[in-house]
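Structure first, commentary second.
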Amino acid sequence: MDYWQVDVFAERVLAGNGLAVFPDARGLSGAAMLGLTRELRQFESIFLEPGTRPGEFAARVFTVEEELPFAGHPILGAAALLHHLHAPGEHAEWALQLPEKRVTLATRRQGEGFYAEMNQGVAEFGAELDAKAAEAFAAAFSSEWDRRHAPRVVSTGLPYLLLPVTAAGLAGARQQRGLDEELAAIGAAFVFLLDVDAREGRTWDPLGVVEDIATGSAAGPVAAWLVDKGLEPRGPGFALNQGRFLDRPSRLDVRVDESGQVHVGGAVQLLAQARLLVAPDRLA
Numbered sequence: 001m002d003y004w005q006v007d008v009f010a011e012r013v014l015a016g017n018g019l020a021v022f023p024d025a026r027g028l029s030g031a032a033m034l035g036l037t038r039e040l041r042q043f044e045s046i047f048l049e050p051g052t053r054p055g056e057f058a059a060r061v062f063t064v065e066e067e068l069p070f071a072g073h074p075i076l077g078a079a080a081l082l083h084h085l086h087a088p089g090e091h092a093e094w095a096l097q098l099p100e101k102r103v104t105l106a107t108r109r110q111g112e113g114f115y116a117e118m119n120q121g122v123a124e125f126g127a128e129l130d131a132k133a134a135e136a137f138a139a140a141f142s143s144e145w146d147r148r149h150a151p152r153v154v155s156t157g158l159p160y161l162l163l164p165v166t167a168a169g170l171a172g173a174r175q176q177r178g179l180d181e182e183l184a185a186i187g188a189a190f191v192f193l194l195d196v197d198a199r200e201g202r203t204w205d206p207l208g209v210v211e212d213i214a215t216g217s218a219a220g221p222v223a224a225w226l227v228d229k230g231l232e233p234r235g236p237g238f239a240l241n242q243g244r245f246l247d248r249p250s251r252l253d254v255r256v257d258e259s260g261q262v263h264v265g266g267a268v269q270l271l272a273q274a275r276l277l278v279a280p281d282r283l284a
């Protein structure tokens, strides 16, 4: 069974967010998928199985801790690899069925790599925090809340608390502890720190151990929130930056179309191909 290493939201190799893609994971159990993700030490891995129609695939995404119902960069990276493997033309379209969400994508060849864009659907807006709660969450990251903007929970598949912070607050941010209980109370799964003026963000895993390099599942909510607040127009879109503090610069292109659909895209580079030397049943 082959798998690939790709870099997503990356203008060049060894930038953006790394990812392991298993383009044909038939025969692997969920436990094996989790075990392989831990073995490869990727922030996320994605496992695909062919669907019943051309261009359609079932997909499951894992971190080293758990399976995710939705993710951003794994879906984009998978679509780019599918284009490389199955579509000789310049443009292609795909549909990935996750456990709780179907995602449509368009890909095109770009330079030595690919460009992939996904439709995350219409965003759902949740709780908006008051000043006391905003200060408490900012303190949990040793950060400084940008008082011009109230934090809010927004989701296009995974619910993020979007926490506006100052430029200095973003640069000096460090998650001090796990926030599972506080996030559950407001209906969020993660916190995304956002420097609104610079259009730059950061986020960590729930325990605050690992910082994510580029977070496509948060980029969509950011776009929807900025448009809702009148800080960005519908249509043309903008670039969200992430990964600078990890020396993995990443550009996430985001836009909200006239119907309210949220789109997230970025460049993808194929880095390596490898092969498992054991049969799937030995990984159960």
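FYI, the numbering for the sequence shown is 1 to 284, going by full-length UniProt numbering.
C-beta atoms are modelled at their ideal positions from N, C-alpha and C, and glycine is treated no differently.
Remember, predicted model here, so these are calculated numbers, not experimental data.
The three-state reading of DSSP puts Leu183 in helix, counting H, G and I together. Under the 8 Å Cβ criterion, the region 242-251 counts as touching the region 191-206, having at least three qualifying pairs. Here DSSP, grouped into helix, strand and coil, assigns Leu270 to strand. Per the C-alpha coordinates, the member of Gly30, Gly77 and Ala140 positioned closest to Lys132 is Ala140. The beta carbons of Gly55 and Ala80 sit no closer together than 8 Å. Taking a cut-off of 8 Å on C-beta distances, the region 184-199 does not touch the region 118-125, as fewer than three cross pairs fall below it. Taking every protein chain shown into account, the CB of Asp7 has 16 or more other CB atoms within 10 angstroms, so this residue is buried. According to DSSP, Met118 shares a beta bridge with Leu105 and Val264.
A distance below 8 Å separates the beta carbons of Val264 and Val254. In this structure, the CA atom of Leu28 is about 19 Å from the CA atom of Gln273. In this structure Thr63 is buried. Its beta-carbon is surrounded by 16 or more other beta-carbon atoms within 10 angstroms. Within a 10 Å sphere around the beta-carbon of Pro236 sit fewer than 16 other beta-carbons, which makes this residue exposed.
Here Arg174 is near Ser142, since their CB atoms are less than 8 Å apart. With fewer than 16 other Cβ atoms inside 10 Å of its own Cβ, Val209 counts as exposed. In the structure shown, Leu14 adopts coil according to DSSP, grouped into three states.
Listed as beta-bridge partners of Val153 by DSSP are Leu161. CA-to-CA, the gap between Arg234 and Ala167 works out to about 25 Å. Counting every other CB atom within 10 Å of its CB across the protein chains shown gives Pro99 a total below 16, marking it as exposed. Boundaries of the alpha helix (DSSP H) harbouring Trp225: Gly216 to Asp228, taken from the DSSP string. For Ala138, the number of other beta carbons within 10 angstroms of its own is at least 16, and it is reported as buried. Ser45 counts as buried, since at least 16 other C-beta atoms from the protein chains shown sit within 10 angstroms of its C-beta. For the pair Leu40 and Ala20, the CB atoms are nearer than the 8 Å cut-off.
Check the Cα spacing between Trp225 and each of Leu193, Leu162, Gly89 and Ala214: the tightest is with Leu162. Contact check for Tyr160 against Phe114 fails: the beta carbons are separated by 8 Å or more. Of the other Cβ atoms in all chains shown, 16 or more fall within 10 Å of the Cβ of Glu232; this residue is therefore buried. Under DSSP, Gly113 takes part in a beta bridge, and its partners are Gln110.
Nearest in C-alpha terms to Ala214, of all of Gly35, Glu135, Ala58 and Gly77, is Gly77. When rounded, the separation of the alpha-carbon atoms in Ala71 and Phe57 is 15 Å. Boundaries cannot be given for Glu66, as no beta strand (DSSP E) includes it and DSSP labels it neither H nor E. Per DSSP, Pro50 is one residue of the beta strand (DSSP E) stretching across Ser45 to Pro50. Nearest to Thr104 by C-alpha distance, out of His84, Val262, Glu11 and Arg26, is Val262.
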